[in-house]
Amino acid sequence: MLPIMNRHLGTGRALALALISALVVVLSPVAPATAATPLTVSQAIGQQTGATQTVRGYVVGQPTATNTVVRSDFPNDYALAIADSASQTSTSQMLYVQIPSAYRAQWGLKTNPGLMGKQIDVTGALSAYFSHPGMTGTSAFALAGGTTEPPPGGTSPWDSTYYAPAMGKTGTALRTSLHDIIDGHTALSYDQVWTALRDTDQDPNNTANVIELYTGRSISKSSNGGNLGQWNREHVWAQSRGGFTTSAGPGTDLHHIRPEDVAVNSTRGNKDFDLGGSAVSGCTDCWTDADSFEPRDAVKGDVARMLLYMAIRYEGGDGFNNLEMSSTVGSSSTLIGDLEVLIAWNSEDPVSTFEMRRNDRIHSTWQGNRNPFIDHPEWATAIWN
Numbered sequence: 001m002l003p004i005m006n007r008h009l010g011t012g013r014a015l016a017l018a019l020i021s022a023l024v025v026v027l028s029p030v031a032p033a034t035a036a037t038p039l040t041v042s043q044a045i046g047q048q049t050g051a052t053q054t055v056r057g058y059v060v061g062q063p064t065a066t067n068t069v070v071r072s073d074f075p076n077d078y079a080l081a082i083a084d085s086a087s088q089t090s091t092s093q094m095l096y097v098q099i100p101s102a103y104r105a106q107w108g109l110k111t112n113p114g115l116m117g118k119q120i121d122v123t124g125a126l127s128a129y130f131s132h133p134g135m136t137g138t139s140a141f142a143l144a145g146g147t148t149e150p151p152p153g154g155t156s157p158w159d160s161t162y163y164a165p166a167m168g169k170t171g172t173a174l175r176t177s178l179h180d181i182i183d184g185h186t187a188l189s190y191d192q193v194w195t196a197l198r199d200t201d202q203d204p205n206n207t208a209n210v211i212e213l214y215t216g217r218s219i220s221k222s223s224n225g226g227n228l229g230q231w232n233r234e235h236v237w238a239q240s241r242g243g244f245t246t247s248a249g250p251g252t253d254l255h256h257i258r259p260e261d262v263a264v265n266s267t268r269g270n271k272d273f274d275l276g277g278s279a280v281s282g283c284t285d286c287w288t289d290a291d292s293f294e295p296r297d298a299v300k301g302d303v304a305r306m307l308l309y310m311a312i313r314y315e316g317g318d319g320f321n322n323l324e325m326s327s328t329v330g331s332s333s334t335l336i337g338d339l340e341v342l343i344a345w346n347s348e349d350p351v352s353t354f355e356m357r358r359n360d361r362i363h364s365t366w367q368g369n370r371n372p373f374i375d376h377p378e379w380a381t382a383i384w385n
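Note that the numbering used here gives residue 133 to position 133 of the sequence shown, counting from 1, and the numbers run on in steps of one.
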């Protein structure tokens with residue numbers, strides 16, 4: 001048409017009309033695109049074609065083999081399993097999701113155990129993973145509510161009751177709420193601590209023994225005392241670093257007192273916690289120098305969570321000192337560090353079944369309060385960010 005228009009209207013007017021026509025086409029109403037509804041896990045299991053899809057499901061654990069999904073003690077951040085129900089236990093009803101390296105720090109279960117029970121959307125290729133219906137090449141993760149950052153506060157059986165006042169809070173508000181929740185526990189005598197530790201730290205494989213914190217040794221419950229080869233009561237927040245005695249209060253608070261070999265307890269003394277030093281005799285993978293102690297990897301998170309509890313529980317009330325975390329080692333008074341190292345340990349060593357049972361026993365049988373950082377490890381960074 002343009003050559004004909006040129007003959008009758010002239011080149012300028014023809015070009016103008018052509019531009020107007022183009023604008024009309026560009027500005028014509030177009031129906032807005034709508035996001036596709038995510039597939040259910042059941043649908044995704046039945047569509048293992050390699051096509052890229054978004055799937056919505058609840059995080060139910062980490063796959064470690066074709067028919068094995070663990071729900072605690074997560075070995076790494078490489079994969080997670082989702083299902084249409086948060087209570088699903090049958091692996092045949094789960095989709096195994098590969099977590100690429102770029103997403104592991106945020107979505108891996110070893111680092112973020114609080115994701116358990118959360119409903120999430122994942123996008124990737126529907127193809128076998130661990131020789132099981134899965135998703136590989138995952139390119140997007142998000143909570144089902146639309147955010148890509150998991151909020152503080154994972155899931156625990158106590159969220160709607162014990163922790164209800166703290167849910168959804170961060171920073172100072174979270175710290176204050178947690179203090180109010182765990183404050184005022186039932187105080188034990190120092191003699192009662194012996195009996196309590198025989199319960200709280202019982203060896204799950206030998207009920208006649210307890211497990212020592214730093215050494216990991218299983219030792220007879222009756223071999224307690226002050227002689228070499230026996231176990232005694234280790235205050236993880238050292239008494240001299242808190243200005244307290246073995247009277248009721250922080251000196252008998254089970255949440256930071258653990259069985260330990262007499263000699264190793266003496267080596268640790270009142271030192272801060274940090275990395276490196278010389279090997280500790282009788283304590284495999286423990287290290288120490290002039291002002292710090294490094295426990296074995298398997299309990300680094302335990303140590304961190306106990307100290308974080310103490311800093312929240314003892315805020316200067318009840319006639320006891322205000323215990324605070326320090327960003328350095330070698331400090332004195334009521335400070336213990338190194339905070340940065342301890343926060344890292346809390347993330348690197350996830351909560352174990354032993355810790356969870358211990359927390360439950362202290363709450364139900366001995367003190368009536370819980371360590372919130374065992375139930376919600378992610379609250380550590382929500383407070384000390």
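By construction, the Cβ of each residue, glycine as well, lies at the ideal position given by its N, Cα and C atoms.
Treat the numbers as computed from the prediction; the structure is a model and nothing was measured.
Just to confirm, is the Cβ distance from residue i to residue j under 8 Å?
| i | j | result |
| --- | --- | --- |
| Y190 | H256 | no |
| P259 | D73 | no |
| D261 | G282 | yes |
| V50 | L143 | The residue asked about is misnamed: residue 50 is Gly in this sequence, not Val. Not a contact, by the Cβ cut-off of 8 Å. |
| T89 | F130 | no |
| D272 | I336 | yes |
| S327 | D338 | yes |
| P377 | G117 | no |
| S362 | L275 | Going by the sequence as given, residue 362 is Ile instead of Ser. In this structure, L275 does not lie closer than 8 Å to I362 by Cβ. |
| A128 | Q48 | yes |
| S218 | N206 | yes |
Go through its chain and collect everything with a Cβ distance to residue i's Cβ below 6 Å, but skip five positions before and after it.
| i | result |
| --- | --- |
| V69 | G61, P63, A81 and T91 |
| A140 | T123 |
| G53 | For clarity, residue 53 is Gln in the given sequence; the question names Gly instead. Within the same chain, Q53 has close Cβ partners L39 and L126. |
| V280 | T267, C286 and T288 |
| N301 | Strictly speaking, residue 301 in this sequence is Gly, with Asn absent from that position. Result list for G301: W345, N346 and D349, in chain order. |
| I182 | R313 and N369 |
| A238 | N270 |
| M325 | A311 and L339 |
Would DSSP call residue i helix, strand or coil?
| i | result |
| --- | --- |
| R233 | strand |
| S171 | Reading the sequence as shown, one finds Gly at residue 171 and not Ser. Looking at G171 - three-state DSSP - the assignment turns out to be helix. |
| Y96 | strand |
| L197 | helix |
| P75 | coil |
| S127 | coil |
| W287 | strand |
| T91 | helix |
| T37 | coil |
| Q53 | strand |
| V70 | strand |
| R217 | coil |
| F320 | coil |
| M325 | strand |
| P259 | strand |
| E378 | coil |
| T245 | coil |
Given residue i, which residues of its chain have a CB within under 7 Å of its CB, disregarding the five upstream and five downstream residues?
| i | result |
| --- | --- |
| K221 | R198, A208, N209 and V210 |
| M83 | It should be noted that the sequence gives Ala, not Met, for residue 83. Excluding sequence neighbours, A83 sits near V41, G57, Y58, V60, Q93 and M94. |
| S85 | Y58 |
| G249 | A187, D318 and F320 |
| A263 | L228 and G282 |
Are there 16 or more other CB atoms within 10 angstroms of the CB of residue i, so buried, or fewer, so exposed?
| i | result |
| --- | --- |
| T161 | exposed |
| D121 | buried |
| S156 | buried |
| N227 | exposed |
| T288 | buried |
| G184 | exposed |
| Q367 | buried |
| P165 | exposed |
| G251 | buried |
| S278 | exposed |
| A196 | buried |
| G171 | exposed |
| S177 | buried |
| T365 | exposed |
| P295 | buried |
| A33 | Unreliable placement is indicated for A33, whose pLDDT of 36 sits below 50; the coordinate value is still reported in the next sentence. Looking at its Cβ environment, which holds fewer than 16 other Cβ atoms inside 10 Å, A33 is exposed. |
| T284 | exposed |
| E340 | exposed |
By Cβ distance, which residues of its chain are closer than 8 Å to residue i, with the 5 residues on each side in sequence left out?
| i | result |
| --- | --- |
| I343 | A304, A380, T381 and W384 |
| A105 | D77 and T111 |
| W158 | R370 and D375 |
| A36 | T54 |
| V299 | L213, Y214, G216 and D349 |
Is the CB of residue i under 8 Å away from at least one CB in chain B?
| i | result |
| --- | --- |
| L254 | Among the chains of the structure shown, chain B does not appear; only one protein chain is present. |
Q.
Counting beta carbon pairs with one atom in the stretch 261–273 and one in the stretch 350–365, are three or more of them shorter than 8 Å?
A. no
Q. Is it a yes or a no for the stretch 94–105 touching the stretch 122–139, going by three-plus beta-carbon pairs under 8 Å?
A. yes
**Q.** Segment contact flag, the stretch 298–306 with the stretch 369–379, C-beta cutoff 8 Å, min 3 pairs
**A.** yes
Q. At a cut of 8 Å, does the stretch 309–329 reach the stretch 228–246 through at least three beta carbon pairs?
A. yes
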